[in-house]
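Data first, discussion second: the structure below is written as structure tokens.
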Ligand SMILES: [Mn+2]
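In the working numbering, the protein residues as written are 239 to 560.
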């Protein structure tokens with residue numbers, strides 16, 4: 239189910255006396271349509287069916303509205319070509335059964351946005367968003383000239399989300415992406431930064447190793463290791479031409495992002511997460527991005543939603559001009 243942008247969600251402070259440089263996002267965001275000139279396109283994925291299947295705390299379906307509320311008052315800096323394409327969600331009648339159709343709808347939507355030269359940023363939603371995002375990029379690139387596009391998947395996450403399970407969930411998307419790559423005959427280039435040794439079983443570390451995943455533990459990503467982390471990132475970016483960037487908010491410490499499906503006891507400092515975000519956005523390789531797992535039911539004073547809005551704004555501001 240795809241509902242068009244509800245522009246009533248974009249409201250906030252107006253500093254009329256400041257003129258055009260006093261503008262905030264709610265004053266410049268426009269509803270997306272098929273004739274929109276290339277820009278940043280926000281789409282909500284109002285879904286936590288995968289979180290429910292993964293036995294997490296439901297509520298992430300309310301994430302997109304909470305992120306828009308915090309984005310509304312962001313000052314407009316580098317970019318003002320921002321569009322809202324509304325929300326994609328499972329049909330309310332079929333609960334968790336609606337997961338796969340919603341992912342499929344997201345993929346088609348993103349492929350069509352990419353074909354028009356936009357930079358999609360998708361607001362989650364559980365991390366099941368990742369399979370929808372990747373397939374959107376894959377469908378777009380399949381229609382192009384490259385026989386075997388070099389795609390990189392960069393995930394900032396406490397979890398590999400590589401679980402083997404009977405049904406797709408928020409814990410399985412990167413295993414599904416690995417299978418999709420194998421079926422397409424494409425390399426699976428997956429880098430997961432911020433993995434917790436205490437939130438992933440040995441089976442997941444073994445699967446990551448056998449799939450050739452590049453990872454760093456949360457413990458290897460404190461602020462004293464900023465340079466080493468960015469060098470590792472550069473080595474990964476070197477190997478790919480098209481990057482899918484996904485941030486699971488539970489990569490952050492629980493005191494920074496309490497409103498998530500599965501909070502992290504340690505996490506990666508926001509300083510490092512923001513440095514990586516700026517670096518990736520400026521690389522010229524990022525084709526699409528999403529931010530997952532915001533659960534407003536467990537947020538404190540919109541803390542996690544504010545962090546999500548900062549990250550979305552950084553991605554938009556620093557992404558190379560189209
Ligand atoms: Mn996670």
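Think of the CB as a built atom: it goes at the ideal place given N, C-alpha and C, for glycine as much as any other residue.
Residue i - DSSP class collapsed to helix/strand/coil
i	result
residue 251	coil
residue 427	strand
residue 245	helix
residue 560	Unreliable positioning characterises residue 560 in this predicted model, as indicated by a pLDDT of 45, which lies under 50. The coordinate reading is nonetheless provided below. Here residue 560 sits in coil by DSSP.
residue 285	coil
residue 478	coil
residue 549	helix
residue 307	helix
residue 240	strand
CB contact flag (residue i, residue j, <7 Å)
i	j	result
residue 437	residue 397	yes
residue 282	residue 325	yes
residue 245	residue 557	no
residue 349	residue 377	yes
residue 539	residue 297	no
residue 410	residue 401	yes
Straight-line Cα distance separating residue j from residue i
i	j	result
residue 462	residue 443	25 Å
residue 487	residue 391	16 Å
residue 529	residue 362	6 Å
residue 330	residue 285	10 Å
residue 502	residue 542	13 Å
residue 328	residue 338	8 Å
residue 551	residue 309	8 Å
residue 266	residue 517	26 Å
residue 291	residue 319	37 Å
Outcome for residue i when other beta-carbon atoms lying within 10 angstroms are tallied against a minimum of 16
i	result
residue 482	buried
residue 386	exposed
residue 414	buried
residue 252	exposed
residue 477	exposed
residue 273	exposed
residue 259	exposed
CB contact below 7 Å: residue i versus chain C
i	result
residue 263	Among the chains in the structure shown there is no chain C, since it carries only a single protein chain.
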